[in-house]
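Going left to right, the sequence shown walks through residues 1 to 151 as UniProt numbering numbers them.
The beta carbon of each residue, even a glycine, is placed where N, CA and C say it ideally should be.
None of the values given here were measured: they were computed from a predicted structure.
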Amino acid sequence: MGSEEMWSKNKYSIIVPTYNERLNIALIIYLIFKHLPTVDFEIIVVDDGSPDGTQDIGLKHASGNFVVIMDADLSHHPKYLPSFIKKQMETDVDIVAGTRYVKGGGVHGWNLMRKLTSRGANVLVQTLLWPGVSNLTGSFRLYRKSVLEED
Numbered sequence: 001m002g003s004e005e006m007w008s009k010n011k012y013s014i015i016v017p018t019y020n021e022r023l024n025i026a027l028i029i030y031l032i033f034k035h036l037p038t039v040d041f042e043i044i045v046v047d048d049g050s051p052d053g054t055q056d057i058g059l060k061h062a063s064g065n066f067v068v069i070m071d072a073d074l075s076h077h078p079k080y081l082p083s084f085i086k087k088q089m090e091t092d093v094d095i096v097a098g099t100r101y102v103k104g105g106g107v108h109g110w111n112l113m114r115k116l117t118s119r120g121a122n123v124l125v126q127t128l129l130w131p132g133v134s135n136l137t138g139s140f141r142l143y144r145k146s147v148l149e150e151d
């Protein structure tokens, strides 16, 4: 079965939390469409600064059998979405996580404090909980929707 046939079996709900992202939202949506031309998907934009559970409602309305969560500030570039989908299809895992701490990865536009905080938190969690996992604080992930649903 070719990859386009396998992609057609699945639908991806792409949840994009936003907080003061007026300047980025049109670009991120354009880039998602550009990088997923043959994939069945929906985009759900949620207010990340809202204390009223808006993000949870976004998940409840997701109609795909897979959910992708990615930031609207372009720190999670949509060009990596096909790789996430391909990795999930090849391995049949429930979660695919992106990382900025691999060769070729990085953080652009972050100040020194944000970089140090992220790196420090990852080193701590990696040491205590999951050795070998390179980025546990990032939110660029693809989930099988069933693992996110409450029983």
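L74: not part of any beta strand (DSSP E); DSSP gives it neither H nor E. Here the region 43 to 52 makes no contact with the region 74 to 81; the two share fewer than three CB pairs at distances below 8 angstroms. Taking all protein chains in view, the Cβ of E21 is crowded by 16 or more other Cβ atoms within 10 Å, so the residue is classified as buried. Under the 10 Å beta carbon count, S146 is surrounded by fewer than 16 other beta carbons and is classified as exposed. Restricting attention to D92, E90, D71 and L112, the CA atom closest to the CA of G98 is found in D71.
Nearest Cα to D73 within the set P17, L142, V96 and E149: P17. The straight-line gap separating the alpha-carbon atoms of I28 and F66 is approximately 19 angstroms.
Contact between L148 and L59 is confirmed by a C-beta separation of about 6 angstroms, below the 8 angstroms threshold.
In the same chain as E42, and ignoring 5 residues on each side of it, the C-beta atoms closer than 6 angstroms to its own belong to S13, in chain order. Rounded to the nearest whole angstrom, the CA to CA distance from H35 to I69 is 16 angstroms. The residues R141, L142, Y143, R144 and V147, in chain order, have a CB closer than 8 angstroms to that of I95 in the same chain once the five nearest residues on each side in sequence are set aside.
Collapsing the DSSP output to three states places P82 in a helix. According to DSSP, R144 shares a beta bridge with F66. Contact between K11 and G64 holds, since their C-beta atoms are separated by about 4 angstroms, short of 8 angstroms.
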